[in-house]
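Student:
6 protein chains.
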Amino acid sequence: MCWIEQSIHGNFPEFDCLVDRLIELALEEDLGPGDVTTQALIAPDRKGAAQIRARESLVVAGLPVAHRVFQKLDSQVQFFSVALEGQEVTPGSILAQVRGPLAAILTAERTALNFLMHLSGIATYTRKMVNAVSGFPTTIVDTRKTTPGWRALEKYAVRVGGGTNHRFGLFDGVLIKNNHLAAVGSLPEAVRLAREKSHHLLKIEVEVTSLAELEEALTAGADIIMLDNMDEATLARAVALTAGRALLEASGSMTPERLPNVAATGVNLISMGALTHSAPAVDIHLRVVG
Amino acid sequence: MCWIEQSIHGNFPEFDCLVDRLIELALEEDLGPGDVTTQALIAPDRKGAAQIRARESLVVAGLPVAHRVFQKLDSQVQFFSVALEGQEVTPGSILAQVRGPLAAILTAERTALNFLMHLSGIATYTRKMVNAVSGFPTTIVDTRKTTPGWRALEKYAVRVGGGTNHRFGLFDGVLIKNNHLAAVGSLPEAVRLAREKSHHLLKIEVEVTSLAELEEALTAGADIIMLDNMDEATLARAVALTAGRALLEASGSMTPERLPNVAATGVNLISMGALTHSAPAVDIHLRVVG
Amino acid sequence: MCWIEQSIHGNFPEFDCLVDRLIELALEEDLGPGDVTTQALIAPDRKGAAQIRARESLVVAGLPVAHRVFQKLDSQVQFFSVALEGQEVTPGSILAQVRGPLAAILTAERTALNFLMHLSGIATYTRKMVNAVSGFPTTIVDTRKTTPGWRALEKYAVRVGGGTNHRFGLFDGVLIKNNHLAAVGSLPEAVRLAREKSHHLLKIEVEVTSLAELEEALTAGADIIMLDNMDEATLARAVALTAGRALLEASGSMTPERLPNVAATGVNLISMGALTHSAPAVDIHLRVVG
Amino acid sequence: MCWIEQSIHGNFPEFDCLVDRLIELALEEDLGPGDVTTQALIAPDRKGAAQIRARESLVVAGLPVAHRVFQKLDSQVQFFSVALEGQEVTPGSILAQVRGPLAAILTAERTALNFLMHLSGIATYTRKMVNAVSGFPTTIVDTRKTTPGWRALEKYAVRVGGGTNHRFGLFDGVLIKNNHLAAVGSLPEAVRLAREKSHHLLKIEVEVTSLAELEEALTAGADIIMLDNMDEATLARAVALTAGRALLEASGSMTPERLPNVAATGVNLISMGALTHSAPAVDIHLRVVG
Amino acid sequence: MCWIEQSIHGNFPEFDCLVDRLIELALEEDLGPGDVTTQALIAPDRKGAAQIRARESLVVAGLPVAHRVFQKLDSQVQFFSVALEGQEVTPGSILAQVRGPLAAILTAERTALNFLMHLSGIATYTRKMVNAVSGFPTTIVDTRKTTPGWRALEKYAVRVGGGTNHRFGLFDGVLIKNNHLAAVGSLPEAVRLAREKSHHLLKIEVEVTSLAELEEALTAGADIIMLDNMDEATLARAVALTAGRALLEASGSMTPERLPNVAATGVNLISMGALTHSAPAVDIHLRVVG
Amino acid sequence: MCWIEQSIHGNFPEFDCLVDRLIELALEEDLGPGDVTTQALIAPDRKGAAQIRARESLVVAGLPVAHRVFQKLDSQVQFFSVALEGQEVTPGSILAQVRGPLAAILTAERTALNFLMHLSGIATYTRKMVNAVSGFPTTIVDTRKTTPGWRALEKYAVRVGGGTNHRFGLFDGVLIKNNHLAAVGSLPEAVRLAREKSHHLLKIEVEVTSLAELEEALTAGADIIMLDNMDEATLARAVALTAGRALLEASGSMTPERLPNVAATGVNLISMGALTHSAPAVDIHLRVVG
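Residue numbers (this note's numbering), protein chains in the order written: chain R, 700 to 989; chain S, 700 to 989; chain Y, 700 to 989; chain D, 700 to 989; chain Z, 700 to 989; chain G, 700 to 989.
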């Protein structure tokens, strides 16, 4: 049976074989034929309890994944989330309690924490970005610059952090980028072809690098236009020029400092690859308590 | 057939099914049932060429992985590495040339770059840490705090960056940590049990948090001792106390600034989780050139 | 754990990894990274109930498969069969009740119905063929002309419809066909070789296209003889000629209208590829009722 | 390496692990531990040639899949397509030539033909439906009522037949159906939620069963509206009422006879489940010719 | 692509995914994340050559499997069989030459030899048993007492040794054993049920433990009768009693010494589990020669 | 979920995907599309009970694996171990009781017994070897000469028999063998390279064939030295020469008779490939009892 994701909003089950395969990869690479230290030191029938705690301020994300890791290793391990997905916690806060065979807890510890530290790192970083544009009607969205194998989990962490997801992959949204335009040779022709050949439930987004291209895209009837690497003045002119005829997505060279200024230009969305490829891990540890 | 890793030193083949499964996960999650944009815009028989370039200064790592990504998508794509694994390059440098069916190049682009940007990020960050202790006989080693699913690749990137690998996982080295000691209740007993129950080709490492525990570990005959979260003064006393009877590994709260001071204490190894869990991605892009 | 088939006769468990892999393929191809509509509209903790109903007269087949589909998506979904496998039902009949997380029910609906509509279509069509020869001691058997990936399920639906299975595949029965005979060049030599080289628990069947070949096959000691594309008069002469020395299987160009006449010739078996490759799907739907 | 689909338009490679897994299922279920007949009768070093021929008029679809089947069984088998995907051929036409180890050709024959007969059956049936609305600007689209495991292949066969694909699955298009509306309780609220929670590259389609609901959907701003089971008069009034504010898709109880009348109402799209779930297989066979 | 078995008779390709999965298991369990010794000592670009030699008299079986092992690890390794499958060789004989990247040769060595030593062990032991009944028309057959995971390979080694295969598994032959008879309660009823419910290409075999049961089985029309654990005198009476009405298979407590006496009773087949579960490995080694 | 091994010492769970994949291979190869005999004879709702008994004196190993086999086939089968892993039992002893659906019990019987007979065979043989050196401080260790696919299970059976495991595979211990030395050309250089390039938790073992090489290895600082194919006199001189500077492992041509003499020389370990590659299966059967 594949992975059942527990969403941030409750218990909505989501079948995801890729996530489950990632968790199995993670356990296989760490355990190989066995945890030689724990096997030598911990009697197999010994029970124990442990706490998972934050060592710094962070936004929690990934407890259902940590739960799944322990459960896969040994279905007798019980996992109780104490914190909620998306909750901001202070250093020392207990995130979860774990009970059951002590050997299994110690063997799964590192893998479970590695998931938690990375996903909470993304949620924490995303929260900061979202807060940076609070007060503006601007949406912070992620990109396809995710860690290979982690697309679903990292996009989940972005949502947990308060961000919004862009398309999932190459298959559920049309986004005509520079390399496509160079190959086709004409922006209007590219938009026309995309409209004709993709199914009728998909909108068309085009990446432009100048206001001239923006006008061309608007005329061609693009639904969304990505403004690549423009400064705030240019973005503001783009917003004025567009006048609501399409959604505008600003992209490229976004830093926390720039975000309020970019949001102030009136663009609808700001996309940031750093949400998923450069958020540092946050510090979380597991301590046996009995 | 599983993955054949091309090592930094040459063409030594390494069979690794886990890495190959990760690459397949990455392609499946991004492509799903197909790249709707490229399918709409690029004629299937069109050929093209592209360059992969660095957009900042970085240490290159992961070109064989990028090669494998293109090859898996379409075996007709040719990939020529221009830079060497481990080479430091300046912004704008060409890392690789790609030639073949243009649609395949555009569809694989993002996945290949996601691998390259993450692995080169680790190599770049590791190189900085290794340089910070140059002149000292200290070894910078990684940890098991790796991105789940990426253990082999991230440890490879650490080597490419000039770092040294610790044990691969739970199965190829005995490391008795705080939680184990708490469970056993006696450090000497823990060392004795580990020696008795693990096979005769493995050494025994113990984590200690005080000089008193260090003495206990030395008396128990530990081969390696991890000094957890000690300041430089304590580390220096630990080195003096040990007097070569065991290898000493400093761990915890390592920052680039501290590294030279820690190295100066005479510890043999410094282990850093940040090498693999918090190195930011570096900026690399692909541009169609014909 | 692989698939446990619930047979038509009761609960006999049958381990079948191929069927389970087919169900996973079906869920993966439909869900991909998630059901965007249901995720947007249905709260994850909402429970619901639904009925699966026939919209036309049909023979029921595949309820255990539909059960398995819901169970794979979310183990909290309860599935109660109301109709029995093999039962003939009228339009509007309730086939099953489903209860549990509403989102999971709606997400699995289409996949479960697709299995049910196809398998019940085969059972319904087979039942008609079996009824067409009622009163004759003739057996209606299927062929290897099944939908790739569906061999076990479609042969199950044939049994549910009242038909009889031929060999499962290339491995559990010797059937020497025209192309084999052309290659060997001699029917008696082909029978001899097959007897010598296959294991002693297998009988030998040969396909013939004329009465002359039939005589040759009888002389060679074939256990079963397939009479390919013969008209009723020829079939009757074949039965007389054989006089019980071998089982006779009529094959080719069978239509519902011809069946009684073919059965009247006295052949033992009639094989029909259409049972599995051309039975139209029957109309079954799912309606949320609470 | 996963499946590389050869599209109808040329050689555009498409990575599809699900299709490849289906082909493997098909070979495993038919071959099991081996083809006992062929192993007994055909010397392993014997070479041979065969032709694949149509036995009735049909539209060809699936030759690249047949090619892949032979190739998977034995990479020494050569496969030459004679007919083009999408070509209408007469009875007796040669579709492909196969050359290589005779045993492999005979062992793969049935599986390859089973794919070809089913996919060509869908293309042939789709072509008839598309021809039935020729002269109208109406698009014939498929549905998610596909054979489980076959989504990509059957949608490919629909395109080959001249039809157009609807969304691929639950993940690349929002379609609010009756069961969703019943659960939400309000069509406008359902549209609002779908717009808010799905990503910005997706349009919103709603299924309605009356003109009153149609007005509600138009007011709510639905991009596409599915008109479920309406007669031609009602469809015509729906078209007039909509006046181009949304795309209209007629669905339910479509028969070849009704199609021109439905198209004449002015709806934009007609969707038919029968394209994929009830198209009968067409007759194609393989004959050894040397 | 799954395994292509090279049969003893030539190059007949046989698709076998289970064997291929076994070879992958074997490589994964031995290599894990890498061969630390070879990686440390052998430069990756170094080429080498090696010989595989017999260290005792033996019947060769498994060279194609050894070939596959090297090929899976590194496709650049070339493997040349010097001995033939089934050939009896003297100590010191060269069985194969291997050339290519030296590191790959050393890393694959043990896995390849483990396959060869086990399969040649079975072939060697089988040859002795077959020779023990030479001059009699008795067939030595194997059983389902094979090493789990190895069914196809061990049955292949039996054929290579000159033995004959019984049914492959539970699916391609009906064999009613003691436990079945105890459950049904009546031998004739068991035979009748088996005939009725299994497909028409399968014969029926029954296990009996006395001459009274043998008569019952003959009357019931069993095609083959297994005589379980009978002494030579009883076996001879069974042969006389049967008078050619069924094939007779002697089974249980067979030793090399008894074989000629058992064969002399006139039974048609003698089945021996020891062929596959207790044949000792033979000694084969690999030596680097350049 | 992967395999949870129940260790000899209790219930310590060990995640092992490779073992689980082996069990699935075993069931797939034996069952294929179904057990035709049991399906024909045993009603699916019939319950039953059976005993697993030893037919000869043996050391029990593998009951948790047999348990897993029944559980995988049908989770309703209950399995109660009567004997303990490692227990020596007499002929006729009950090893386990099995209860549940009779059909499932009969279908899984052979696969479960095949695991039990092989693993108990290894434990029984190992126990004899360990007993042969009782009174000496010598350790009997296994090798990498295991049945491909069975590494973890066979090493487990060795432990159950009282033996000790050597390294698991190529990845968790450095062992420089003849072929490596030949390639490097210098024993001291090989030891130096291995020390430098392998991680700091691994010891270094070297294989030597003469006392001269032994001295070289001692000087080079090898931690363990394998004495290959030496007679007892030479082994005794090696022990004297080494004087505790390294562990000594005798290997090659070990027979039960030689073991006490070899142990008497004072070597620390004796390694025997025969423990895993040539231990004959022991006789265990299953009998339905109700």
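Positions of the beta carbon are idealized from the N, C-alpha and C atoms, including for glycine.
According to the Cβ coordinates, are E904/Y and V938/Y closer than 8 Å?
Tutor: For this step, residue 904/Y is matched to residue 205 along the third sequence. For this step, residue 938/Y is matched to residue 239 along the third sequence. Against a cut-off of 8 Å, the Cβ pair of V938/Y and E904/Y comes out as no contact.
Student: On the DSSP bridge assignment, give the partners of D773/Y in chain order.
Tutor: One-based indexing of the third sequence puts residue 773/Y at position 74. DSSP lists no partner for D773/Y.
Student: Taking Cβ positions, are E727/Z and L717/G nearer each other than 8 Å?
Tutor: What you label residue 727/Z is simply residue 28 of the fifth sequence in a count that begins at 1. What you label residue 717/G is simply residue 18 of the sixth sequence in a count that begins at 1. Their beta carbons are under 8 Å apart, which means E727/Z touches L717/G by this criterion.
Student: Considering only the alpha carbon of each residue, which of D922/Y, L794/Y and A831/Y lies closest to E956/Y?
Tutor: Residue numbering aside, residue 956/Y sits at position 257 when the third sequence is read from its first letter. Of D922/Y, L794/Y and A831/Y, the residue nearest in Cα terms is A831/Y.
Student: Let me see if you follow: with CB-CB separation under 8 Å, is N928/R close to chain D or not?
Tutor: In the first sequence, the residue the question calls residue 928/R occupies position 229. By this cut-off, N928/R is not an interface position.
Student: I'd like the list of long-range same chain contacts for R653/D, defined as Cβ closer than 7 Å, with 5 residues on each side in sequence excluded.
Tutor: As shown, chain D starts at 700 and ends at 989. That puts residue 653/D outside it, with no answer to give.
Student: Does at least one heavy atom of the ligand ZN sit under 7 Å from the Cβ of A851/Y?
Tutor: Of ligands this structure carries none, so the ligand ZN is not represented either.
Student: Counting beta carbon pairs with one atom in the segment 963-980 of chain Y and one in the segment 746-753 of chain Y, are three or more of them shorter than 8 Å?
Tutor: The segment 746-753 of chain Y is not in contact with the segment 963-980 of chain Y.
Student: Who pairs with K746/D in a beta bridge, going by DSSP?
Tutor: Along the fourth sequence, read from residue 1 onward, the residue named residue 746/D stands at position 47. The partner list for K746/D (beta bridge, DSSP) reads P800/D.
Student: Could you say which of D719/S, I741/S and A795/S lies nearest to N878/R if we only look at CA atoms?
Tutor: Position 179 of the first sequence holds residue 878/R. Taking only the C-alpha atoms, the option nearest N878/R is I741/S.
Student: Give the residues of chain D in contact with F867/Z, contact being defined as C-beta atoms less than 7 Å apart.
Tutor: Here residue 867/Z refers to the residue found at position 168 of the fifth sequence. Those within 7 Å of F867/Z in chain D are P732.
Student: Mind listing which residues of the segment 726-754 of chain D have their C-beta closer than 7 Å to chain S's C-betas, in chain order?
Tutor: Those residues of the segment 726-754 of chain D that come within reach of chain S (Cβ to Cβ, closer than 7 Å) do not exist; the list is empty.
Student: Is the distance from the Cβ of D927/Y to the Cβ of T941/Y below 8 Å?
Tutor: Here residue 927/Y is taken as the residue at index 228 of the third sequence, counted from 1. Here residue 941/Y is taken as the residue at index 242 of the third sequence, counted from 1. Not in contact: D927/Y and T941/Y (Cβ atoms no closer than 8 Å).
Student: According to DSSP, is F779/Y part of a helix, a strand, or is it coil?
Tutor: On the third sequence, residue 779/Y is found 80 positions in, with the first residue counted as 1. F779/Y falls in the strand class under three-state DSSP.
Student: Note down, in chain order, every chain Y residue with its Cβ under 8 Å from the Cβ of L946/Z.
Tutor: For this step, residue 946/Z is matched to residue 247 along the fifth sequence. Simply H899.
Student: I853/S CB to nearest chain D CB: under 8 Å?
Tutor: As a working mapping, residue 853/S is identified with position 154 in the second sequence. Rather than Ile, the amino acid found at residue 853/S in this sequence is Glu. Not an interface residue.
Student: Check for me: the beta strand (DSSP E) holding H984/S runs from which residue to which?
Tutor: Reading the second sequence from its first residue, position 285 is the one you call residue 984/S. Taken as a continuous stretch (DSSP letters only), the beta strand (DSSP E) holding H984/S covers I983 to V987.
Student: Rounded to whole angstroms, what's the CA-CA distance from P808/G to G989/G? Just pull it up for me.
Tutor: In the sixth sequence, residue 808/G corresponds to position 109, counting from 1. In the sixth sequence, residue 989/G corresponds to position 290, counting from 1. For the record, residue 808/G in the displayed sequence is Glu; it is not Pro. Distance between the alpha carbons of E808/G and G989/G is about 15 Å.
Student: Tell whether a beta-carbon distance below 8 Å holds between L886/D and I923/D.
Tutor: Taking the first residue of the fourth sequence as position 1, residue 886/D is located at position 187. Taking the first residue of the fourth sequence as position 1, residue 923/D is located at position 224. It is not a contact, given that the beta carbons lie outside the stated cut-off.
Student: Below 7 Å on C-beta distance, what does V883/R contact in chain S?
Tutor: On the first sequence, residue 883/R is found 184 positions in, with the first residue counted as 1. The answer, in chain order, is L740.
Student: Are the C-beta of E723/D and some C-beta of chain Z separated by less than 8 Å?
Tutor: Position 24 of the fourth sequence holds residue 723/D. E723/D counts as touching chain Z.
Student: Hey, could you find the ends of the alpha helix (DSSP H) L910/D is sitting in?
Tutor: Position 211 of the fourth sequence, counting from 1, holds the residue named residue 910/D. Its alpha helix (DSSP H) spans residues L910 to A919.
Student: Suppose contacts are defined by Cβ-Cβ distances below 8 Å. Is P800/Z in contact with V781/Z by that definition?
Tutor: Here the question's residue 800/Z lines up with position 101 in the fifth sequence. Here the question's residue 781/Z lines up with position 82 in the fifth sequence. It is not a contact, given that the beta carbons lie outside the stated cut-off.
Student: Residues of chain G with a CB under 9 Å from the CB of L805/S: which are they?
Tutor: On the second sequence, position 106 is the one that residue 805/S refers to. None at all; the shortest Cβ gap to chain G is about 35 Å.
Student: Which first and last residues belong to the beta strand (DSSP E) in which V938/D is found?
Tutor: In the fourth sequence, the residue the question calls residue 938/D occupies position 239. No beta strand (DSSP E) holds V938/D; the alpha helix (DSSP H) holding it covers E931 to T941.
Student: How would you list, in chain order, the residues of chain S whose beta-carbon sits under 7 Å from the beta-carbon of N967/R?
Tutor: Taking the first residue of the first sequence as position 1, residue 967/R is located at position 268. Ordered by position in chain S, no residue passes the 7 Å Cβ test against N967/R, which lies about 21 Å from the chain.
Student: Counting only runs that start and end within the segment 785-873 of chain D, where is the beta strand (DSSP E) found for 3 or more residues in a row?
Tutor: Runs found: 793-800 and 838-840.
Student: Cβ of G972/S within 8 Å of Cβ of K844/S?
Tutor: As a first step, residue 972/S is located in the second sequence; it is residue number 273 there, counting from the start. As a first step, residue 844/S is located in the second sequence; it is residue number 145 there, counting from the start. Yes, Cβ-Cβ distance for G972/S and K844/S is below 8 Å.
Student: Give the DSSP-derived three-state secondary structure of V759/G in the structure shown.
Tutor: On the sixth sequence, position 60 is the one that residue 759/G refers to. Coil at V759/G, not helix or strand.
Student: Which residues share a DSSP beta bridge with V907/S?
Tutor: Against the second sequence, residue 907/S aligns to sequence position 208. For V907/S, which the question treats as bridged, DSSP gives the partners L926/S.
Student: Would you say P712/Z reaches chain D, if we count a Cβ-Cβ gap shorter than 8 Å as a contact?
Tutor: Counted from its first residue, the fifth sequence places residue 712/Z at position 13. Note that P712/Z has pLDDT 46, beneath the 50 cutoff, so the model's placement of it is unreliable and the number below is only indicative. Yes, because at least one Cβ of chain D sits closer than 8 Å to the Cβ of P712/Z.
Student: Excluding five sequence neighbours on each side, which residues of the same chain lie with their C-beta closer than 6 Å to the C-beta of L721/G?
Tutor: Here the question's residue 721/G lines up with position 22 in the sixth sequence. Cβ neighbours of L721/G beyond the five flanking positions: G848.
Student: Below 7 Å on C-beta distance, what does R843/Z contact in chain G?
Tutor: Residue 843/Z sits at position 144 when you count from the first residue of the fifth sequence. Neighbours of R843/Z on chain G, chain order: D729 and R809.
Student: With DSSP run on the structure shown, which of helix, strand or coil describes I741/S?
Tutor: Against the second sequence, residue 741/S aligns to sequence position 42. Coil, per DSSP.
Student: Taking the C-alpha atoms as reference points, what is the distance between V911/D and F867/D?
Tutor: Counted from its first residue, the fourth sequence places residue 911/D at position 212. Counted from its first residue, the fourth sequence places residue 867/D at position 168. Reading off the sequence, residue 911/D comes out as Ala, not Val. Computed Cα separation, rounded: 29 Å.
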